[in-house]
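**Student:** Following this message is one structure expressed as structure tokens.
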Amino acid sequence: MSGWPRRLRGLPLRSRLALLVAVAVAAAVAAVAVTCWFMTRAQLQSQMDSSLRGTKVDDGYVTQLAAACVGGQVEAPSPVGNYTVQLVTASGRTCTGPGQTPIAAEPADVRVASGQDDFALHTAENEHGQAQRVYTYRPGPSVARPLQDRYAVSIAQPLSEIDRPLTSLAWILLLVGGIGVLGAGAAGLWIARTGLRPVDELTDTVEHVARTEDLTVRIPVEGDDEIARLSASFNSMTASLAASRELQQQLIADAGHELRTPLTSLRTNIDLLTRSEETGRAIPPEDRRALLASLKAQMSELAALIGDLQELSRGGLTADDAPLKVVSLHDTVRSAVERARLRGPELVVSADLAPWYVRAEPAALERAIVNLLDNAVKFSPERGAVEVRLMRGTLTVRDHGPGIPDEELPYVFDRFWRSPTARALPGSGLGLSIVARTVEAIGGEVTLAAADGGGTVATVTLPGAPAPPPELP
């Protein structure tokens, strides 16, 4: 039996559905047929019992039958047709009319004959083994009593009279049930094919996407059932994959474009140094120092760009090697402020930091805060000021630089986007994109806006608490 579930799993889904429908209908038909057969049998037996109890044997015949038990013969035929009539004495002896098969007396018949019960109704077998329904009663006082022993009258009718119609009914129920099961199987197969047609279409579409990688294919959504929901989910998935592929291609194109400039400069400077060595024409010391400084700057820019790309391609903050921890945001900001002061020693970087604790990846959060402050330092004028304030989870970084035009604000967090006025400055255009990605990943929000009096103010809101959890020191 354990192999049947395994065999069922090997069948196609529509075949399994059709088989299950046929089995369910067969079980229902079998239950109804068996119930109908037993109810009919009980009804027929009840009618037979009523007929037996309503049948009375002629008193004269009973007298003759009693006389026959003494030694005489019964002259008159049985007045009850094909019924078997016999007498049962209190001692258990039976007397049956001529041409009728005796039936052994049951204890219930003896009790009626001895006067303990008024009647008895039971099933017994005659000497030929035929099942009989037997009704036993005591004769009235008007019947002569040729027997010294007390006796009762038994009337029996063969159960074959109800067995024959029951057998016919069983064959009819079997035939109708078989036709019903076959019809249910065919209907189940048709229903399975009709119901699974959308699944077949979905399967064909998935196979087409897997074969051609065409993410523009969509499945028509009809109705609001489970198949429609599945189709809508598949369409949403392919749309998301298409958007992800487009973003990936755009990232590769933008990265290639950004890498081309430092690589071209590096190749040009290295070619100058190589040509100088090959031709033996020395480069003047000042030019050589400037060339080496340019190489160093380009290498740094290239390394920063590659680091930004790696940070941006991590895909979130839930990597196994970067678990979320409770981080002291004010300490992280203070460390970033110190780095910003080293990058711009001529700037005045002020900080007003209230305690705030957030759940984040420490390295990613520090990188985002550093990028935010670096952006403020880069656009601040000489001997300018950068104001940093952290109060109840809201971090503001305000500079006094040229500011960002209103029409450019929607693009400041796009990857590789750089303002036309800032393209001459070092940078890859990924810093603010990394800030936005990091902040959104931990449930925060970041915005850039023009500050009153000139400059730009960056606002970062992070969920957290002013005190660490109890388990932390």
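In terms of UniProt numbering, the numbers along the sequence shown are unbroken and rise by one, the last being 473. Each residue gets a CB set at the ideal place from its N, CA and C atoms; glycine is no exception.
For D200, report the span of its beta strand (DSSP E) as first-last.
**Tutor:** No beta strand (DSSP E) contains D200, which is instead part of the alpha helix (DSSP H) from R197 to T212.
**Student:** If you draw a straight line from the C-alpha of D331 to the C-alpha of A303, how long is it?
**Tutor:** Roughly 27 Å between the two C-alpha positions.
**Student:** Within 10 angstroms of its Cβ, does W190 collect 16 or more other Cβ (buried), or is it exposed?
**Tutor:** Answer is exposed; the Cβ neighbour count stays below 16.
**Student:** Do you know offhand how far Y61's Cα is from Q132's?
**Tutor:** Their Cα atoms are separated by approximately 21 Å.
**Student:** What do you reckon, are the CB atoms on A192 and W37 nearer than 7 Å?
**Tutor:** Cβ atoms of A192 and W37: not closer than 7 Å.
**Student:** What is the DSSP secondary structure of E407, reduced to helix, strand or coil?
**Tutor:** Note: E407 maps to helix in three-state DSSP.
**Student:** As a quick exercise: from A228, L173 and G178, pick the residue whose alpha carbon is nearest that of R197.
**Tutor:** Among A228, L173 and G178, the Cα nearest to that of R197 belongs to A228.
**Student:** Reducing DSSP to helix, strand and coil, say where A76 ends up.
**Tutor:** With a pLDDT of 49 at A76, under the threshold of 50, the modelled position of this residue cannot be trusted, and the question is left open.
**Student:** By the three-class DSSP mapping on this structure, what secondary structure does T332 have?
**Tutor:** Three-state DSSP puts T332 in a helix.
**Student:** Output the distance between the C-alpha atoms of R423 and L432, rounded to the nearest integer angstrom.
**Tutor:** Legend: pLDDT at R423 = 49, less than 50; position of this residue unreliable, no value from coordinates given.
**Student:** Would you kindly report the start and end of the unbroken alpha helix (DSSP H) that includes P158?
**Tutor:** Here P158 belongs to no alpha helix (DSSP H); instead the beta strand (DSSP E) covers Y151 to P158.
**Student:** Is T123 near the ligand ADP, in the sense that its beta carbon is under 6 Å from a heavy atom of that ligand?
**Tutor:** As far as ligands go, the structure on display features none, and thus does not contain the ligand ADP.
**Student:** Please give me, in chain order, every unbroken run of the alpha helix (DSSP H) with length at least 4 that falls completely inside the region 33-99.
**Tutor:** Counting whole runs of 4 or more residues, the region 33-99 contains the alpha helix (DSSP H) stretches 59-70.
**Student:** Thinking just about the alpha-carbon of each residue, which of D225, L44, E201 and A451 is nearest to the one in L159?
**Tutor:** For the residues D225, L44, E201 and A451, the minimum Cα distance to L159 belongs to L44.
**Student:** Out of I434, S168, A90 and A24, state which residue places its alpha-carbon closest to the alpha-carbon of I306.
**Tutor:** It is I434.
**Student:** Taking all protein chains shown into account, do 16 or more other C-beta atoms lie within 10 angstroms of the C-beta of G453, making it buried, or fewer, making it exposed?
**Tutor:** Looking at its Cβ environment, which holds fewer than 16 other Cβ atoms inside 10 Å, G453 is exposed.
**Student:** Can you tell me which of the three DSSP states D352 falls into?
**Tutor:** Three-state DSSP puts D352 in a strand.
**Student:** How about V349 and R339: are their beta carbons less than 7 Å apart?
**Tutor:** No, the pair does not count as a contact, with Cβ atoms beyond the cut-off.
**Student:** What's the gap between the Cα of Q64 and the Cα of S51?
**Tutor:** Cα-Cα distance, rounded: 24 Å.
**Student:** Would you list the residues sitting across from K325 in a DSSP beta bridge?
**Tutor:** K325 is bridged to A360.
**Student:** Determine the closest residue to Y135 out of L347, G54, A364 and A290, with distance taken between C-alpha atoms.
**Tutor:** It is G54.
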